[in-house]
Amino acid sequence: MIKFSKQQLKIPKMMRPVYLVTGGMSEFRRAFPEKRTEELCVEALTMAAEMINMSPAELKSYIHTCYYGHFADHFGDQLLGESVIHDRLGLDPLGNIGVKTGGATGGSTLWEAVKAVASGYSDCALALGWERMDEVPTDEGNHLISCAADKDWETPLGHIYTGYYAVMAQKYWQVYGKSEDSFRKTMAEIAVKNRGYAYHNPFAQGGMKITVEDVLKSPVVAYPLRALDACLMSVGSACCIVADEKTAFKMCKNPLLVYVAAGTHTLRPADRRDMEIPLLPNETKNTYKDLDKRFPGGELYPGFTGFLAARMACYYAYRMAGVYDPCEDLDLVELHDAFTISDIQSYEDVGIRPYGEGRTYVESGDCYVTNPKTGKPGKLPANPSGGLIGCMHAVGATGLMQVCELMLQIWGRHAEVHGDAKRWKSFGKTKPKDWKDLQVKGAKRGLAISHAGVGSHVTATILVDPKHQLKGGKA
Amino acid sequence: MSCAHEQNRGKASVDNNRYKLKGEFHVAYPNTPIFNKQGKLCGVTNPRDMTYIHSYGAEAPFFEGLSKGVLKGTKCENPDCEYKGSVYIPFRIYCPDCLKKMKIVDLTAAAKKTAFIYTYMVCERSGAFNTLDKPIKFINVKIEGTSTILMSYLHLGEPSIGMRVVPIFRTKNPTYTITDLSWVPQGTPKSKLPKGFSF
Ligand SMILES: [Zn+2]
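Top line first, the protein sequences correspond to chains A and B. Going letter by letter, the first sequence gives residues 31 to 505 in the numbering used here. Going letter by letter, the second sequence gives residues 178 to 376 in the numbering used here.
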């Protein structure tokens, strides 16, 4: 569709407010040759219980239905892997269902759990996700990932998803980045920031202290993208527990209001048709009246440069939560930085910057916990977890990891969890001597974007401290 | 893969709405154990070698067309459709708006005259089962008069945005897959075309 009816643009309504009660994560690594997937899932659920001083058994006693995010079951040669995990978590005979939406699987899983509680069907629901891509050789893994593209029209072309994805980066690079060295450097700064933040995260797989020069010298994957521009491939698990108001306040002292909305766009970028830009609350038609003059080649929307699914997810979610301007109304974001360039693209889709101006979010220093230009707190810090580039991309768990990280930030418990030397040790790591507290001071509201591949599915999750609800928030 | 298996490789045909299968569709290799350096058992390998049987359904004319040097798209001709006249390549069976079956149209001439590269990417890597030469020059081709932008690959030259290209087709020993369609820069002489391909 390229035009939407009133019914289709209805702002999603929840029959009652839904709260995030707790969440947890396993450690993330490229491979776990000596661990089964269920061991990672049990670790995530156990951490969620510990966060609210419950035993796993006590936490489980509240759960009524279960939503499992696991994307690539063909990697494991196991259908109904969800049922395996459900049994190992000891949650039979509760109803459960598997969710698969590519890279957005984690976010979509939470979407399902939230709707179950919002409708009244369940008072408490589990959203738990995982991924394991370490059990096939890399080239076969590339083939299996490329099966997420169209198997007749795309997969036979190289069996390599990067090829289908990177054409969009090329277009953005040339039209909006104008192929400038300065833009290339801005991309590299994101990789430096996110790997640097991951260095302070015990769960993270890819923490590194690197420089812009290191990124620019790393091997070319598909020009202008280099190895250090790309996200990680990970194994691990994450979970979130959601509940209605009464149950949530019984389970913990400070549950957080949670809103989730979703959007989609064509699986094949080839099928995208030109359309009008759906506007976010702080935009008008005037915002974009001369976009193609300022950026020749940017005539088509979304063309191959915008992610309509992300735009639609925020179109709904901002209006549900009462967000007018994300830079003013939110305190931090966890974005889906699959590649440095797609991170910049998504700043525009989600309205942190208008289309065409994404780079200024980085160049202004707004995206840092501490703005390197001013030494003061950044306006809207992005990915203090390290994101997909620094922390992990264990597909089915990614969107849930992001929400766990937002939760810790809004609870003000970032240092307690990330700075715990025992936790570092339990993962076989040593807490760095120069460990830094990346707590965003006074964080009350956050946004997480969970995104699939070329933009086929995107969810926007907003977490709000209920004492700081926005005017117009629907719960 | 053994020669014997190669010769007896599974093939399928259709007779009276049923698949008729001949030959070997899978090979059963025994599994092997995985140990760590200390000799502790960590797991096992599970070899799988199998063949899928896939129907193109009403998209078959597109893939058959490539083998004959014809690029087919589809067009909505429903007079009641808000987007009547829209032309789609990738070929779609039904109109995405009105869901009426679309008409097959020949886009070969339009492609030869008007196709240009909307965006591209040169990819050094590939996945298992890839049959294309590396690096793969992915191109997204816009053909005038169509609503969409086709994904394909450039066989000769270096791609750039806006570059005019013409389609070429694997008409000798076609694979009946999307790889039978490729592109070369406008003005490429016939003598330069890759083996098996023609204009
Ligand atoms: Zn139609």
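Glycine is no exception: its CB is placed at the ideal position from the N, C-alpha and C atoms.
Under 8 angstroms: does the beta carbon of M21 of chain A sit that close to some heavy atom of ligand 1? With chain A covering 31 to 505 only, the question about residue 21 of chain A has no answer from this structure.
Quick one: list the residues of chain B neighbouring I190 of chain A, beta-carbon separation under 8 angstroms, in chain order. C300, R302, S303, G304, N307, I313
Separation of V222 of chain A from T241 of chain A, as counted between CA atoms: 6 angstroms
Flag W441 of chain A as yes if its beta-carbon sits less than 9 angstroms from any beta-carbon of chain B, otherwise no. no
If contact is defined by three or more beta carbon pairs under 8 angstroms, each pair taking one atom from either stretch, is the segment 423-441 of chain A in contact with the segment 381-396 of chain A? no
Restricting to Cα atoms, I'd like to know which of A:K461, A:I440, A:K459, A:K452 is closest to V470 of chain A. A:I440
If you measure from the beta carbon of Y194 of chain A to each beta carbon in chain B, is any gap under 9 angstroms? yes
Among A:R59, A:K90, A:S35, which one has its Cα closest to the Cα of G53 of chain A? A:K90
Cα separation between N284 of chain A and E275 of chain A? 11 angstroms
Closest Cβ-Cβ distance between P186 of chain A and chain B: below 9 angstroms? yes
Helix, strand or coil at M328 of chain B according to DSSP, with G and I counted as helix: strand
Mind listing which residues of the segment 53-81 of chain A have their C-beta closer than 7 angstroms to chain B's C-betas, in chain order? P63, E64
Taking 9 angstroms as the CB-CB limit, is I371 of chain A close to chain B? no
L124 of chain A and H94 of chain A - do their beta-carbons sit closer together than 9 angstroms? yes
Of all residues in the structure, which have a C-beta closer than 5 angstroms to any heavy atom of ligand 1, taken in chain order? B:C253, B:N255, B:C258, B:C272, B:D274, B:C275
Closer than 9 angstroms, CB to CB, is F374 of chain B near chain A or not? no
Just grab the DSSP bridge partners of C71 of chain A for me. Partner(s): none; C71 of chain A has no beta bridge.
For G416 of chain A, collect the residues of the same chain with a Cβ closer than 6 angstroms to its Cβ; drop the 5 residues on either side in sequence, then sort them by chain order. N224, Y227, A228, N231, A234
Among the candidates A:M198, A:G483, A:S376, A:P167, whose CA atom is the shortest distance from the CA of I2 of chain A? Only positions 31 to 505 of chain A appear in this structure, which leaves residue 2 of chain A out of reach.
Against chain B, with Cβ distances strictly below 9 angstroms, would R110 of chain A count as a contact? Reading the sequence as shown, one finds Leu at residue 110 of chain A and not Arg. No, its Cβ sits nowhere closer than 9 angstroms to a Cβ of chain B.
Label T209 of chain B either buried or exposed according to how many other C-beta atoms from any shown protein chain fall within 10 Å of its C-beta, with 16 as the threshold for buried. exposed
Ranges of the alpha helix (DSSP H) found wholly within the segment 87-147 of chain A, counting only runs of at least 4: 111-118
With a CB to CB cut of under 8 angstroms and the five nearest residues on each side skipped, what residues in its chain are close to K36 of chain A? none
At 8 angstroms on the CB atoms, spell out the chain B contacts of E170 of chain A, in chain order. G304, A305
Would you call the segment 266-279 of chain B and the segment 227-241 of chain B touching, i.e. three or more CB-CB distances under 8 angstroms? yes
Should T168 of chain A be labelled buried (16 or more other beta-carbon atoms within 10 Å of its own) or exposed? exposed
Residues of the segment 215-226 of chain B in Cβ contact with chain A at a cutoff of 9 angstroms, in chain order, please. K217, C219, G220, N223, R225
Mark K474 of chain A as exposed unless 16 or more other C-beta atoms lie within 10 angstroms of its C-beta, in which case mark it buried. buried
Inter-residue Cα distance where the pair is N312 of chain A and A351 of chain A: 14 angstroms
Report back the beta-carbon spacing between L327 of chain B and L243 of chain B to the nearest angstrom; my notes put them in contact at under 8 angstroms. The pair is not a contact, with the Cβ atoms about 12 angstroms apart (cut-off 8 angstroms).
Using the beta-carbon of each residue, which ones in chain B are nearer than 9 angstroms to Q37 of chain A? The contacting residues do not exist; Q37 of chain A stays about 16 angstroms from chain B at best.
Of the residues B:Y353, B:T352, B:V343, the one placed nearest K367 of chain B, counting alpha carbons only: B:V343
Span separating the alpha-carbon of N194 of chain B from that of D182 of chain A: 22 angstroms
Taking a cut of 9 angstroms between CB atoms, which residues from the segment 298-322 of chain A lie near chain B? R298, P299, A300, D301, R302, R303, D304
Work out the CA separation of K277 of chain B and A255 of chain B for me, nearest whole Å. A small fix is needed here, since residue 255 of chain B is Asn in this sequence, not Ala. Approximately 7 angstroms between the Cα atoms of the pair.
I believe I307 of chain A touches Y385 of chain A by the beta-carbon criterion, under 8 angstroms. Please report the beta-carbon distance rounded to the nearest angstrom. 7 angstroms
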